[in-house]
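Engineer:
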Amino acid sequence: MVGSTPQRGKGPQKMLIQFAYASSAGIAMVLAIFGCLYLGRYLDHKFGTGLIFTIVFLLLGIAGGFRNLIYVINKFSADEKSDTDGIQSESDREKPPPEKT
Numbered sequence: 001m002v003g004s005t006p007q008r009g010k011g012p013q014k015m016l017i018q019f020a021y022a023s024s025a026g027i028a029m030v031l032a033i034f035g036c037l038y039l040g041r042y043l044d045h046k047f048g049t050g051l052i053f054t055i056v057f058l059l060l061g062i063a064g065g066f067r068n069l070i071y072v073i074n075k076f077s078a079d080e081k082s083d084t085d086g087i088q089s090e091s092d093r094e095k096p097p098p099e100k101t
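At position 74 of the sequence shown the residue is numbered 74 (full-length UniProt numbering), and the sequence of numbers has no breaks.
And the structure:
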């Protein structure tokens, strides 16, 4: 066929997208936790408050990290759901009526 472009396989591309989601979830969680930890340590050092800001911001960072993780998982599952929208589950299929005996 003249002028047609070959179809690219979805296997490697889909695998790279899944890898990107997994790595972004890990990076987002680590950055949130350590960013807040660093900010808390900085504020404690600046104001001389012991570990108050460190503990508060560490807890906020952990909560934010898990929030980011849940967001990425929901986004990934929404993309997976769009791939399987046309597939019917067994309970959705029409079943033949039972035979009379």
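Here a beta-carbon is modelled for each residue, glycine too, at the ideal position from N, C-alpha and C. All values reported here derive from a predicted model rather than from experimental measurement.
Just to check my reading of the structure: Ala22 and Leu69 have Cβ atoms closer than 8 Å, yes? What is that Cβ distance to the nearest angstrom?
Structural biologist: As a first step, residue 22 must be located in the sequence shown, where it is residue number 22. As a first step, residue 69 must be located in the sequence shown, where it is residue number 69. Their Cβ separation, rounded to whole angstroms, is 11 Å, which puts Ala22 and Leu69 out of contact at 8 Å.
Engineer: Distance, Cα to Cα, Gln13 vs Phe19?
Structural biologist: Start at 1 with the first residue of the sequence shown, and residue 13 comes out as number 13. Start at 1 with the first residue of the sequence shown, and residue 19 comes out as number 19. So the two alpha carbons sit approximately 10 Å from each other.
Engineer: Do the CB positions of Gly50 and Ala32 come within less than 8 Å of each other?
Structural biologist: Along the sequence shown, one-based indexing puts residue 50 at 50. Along the sequence shown, one-based indexing puts residue 32 at 32. Their beta carbons are not under 8 Å apart, which means Gly50 does not touch Ala32 by this criterion.
Engineer: By how many angstroms is the C-alpha of Thr101 removed from the C-alpha of Ile73?
Structural biologist: As a first step, residue 73 is located in the sequence shown; it is residue number 73 there, counting from the start. As a first step, residue 101 is located in the sequence shown; it is residue number 101 there, counting from the start. Whole-angstrom Cα-Cα distance: 50 Å.
Engineer: With H, G and I counted as helix, E and B as strand and the rest as coil, what does DSSP make of Lys100?
Structural biologist: On the sequence shown, residue 100 is found 100 positions in, with the first residue counted as 1. If DSSP states are grouped into helix, strand and coil, Lys100 belongs with coil.
Engineer: Using a threshold of 8 Å, state whether the C-beta atoms of Leu16 and Gly40 are closer than that.
Structural biologist: For this step, residue 16 is matched to residue 16 along the sequence shown. For this step, residue 40 is matched to residue 40 along the sequence shown. No, these two residues do not count as a Cβ contact at 8 Å.
Engineer: Measure the alpha-carbon distance for Gly65 versus Gly11 and round it to whole angstroms.
Structural biologist: As a working note, residue 65 is residue 65 in the sequence shown. As a working note, residue 11 is residue 11 in the sequence shown. So the alpha carbons of these two residues sit roughly 30 Å apart.
Engineer: DSSP three-state call for Leu51: helix, strand or coil?
Structural biologist: To locate residue 51, count along the sequence shown from 1; it is residue 51. Here Leu51 sits in coil by DSSP.
Engineer: I need the straight-line Cα distance from Phe47 to Tyr71, nearest angstrom please.
Structural biologist: The sequence position of residue 47 within the sequence shown is 47, counting from 1. The sequence position of residue 71 within the sequence shown is 71, counting from 1. Cα-Cα distance, rounded: 34 Å.
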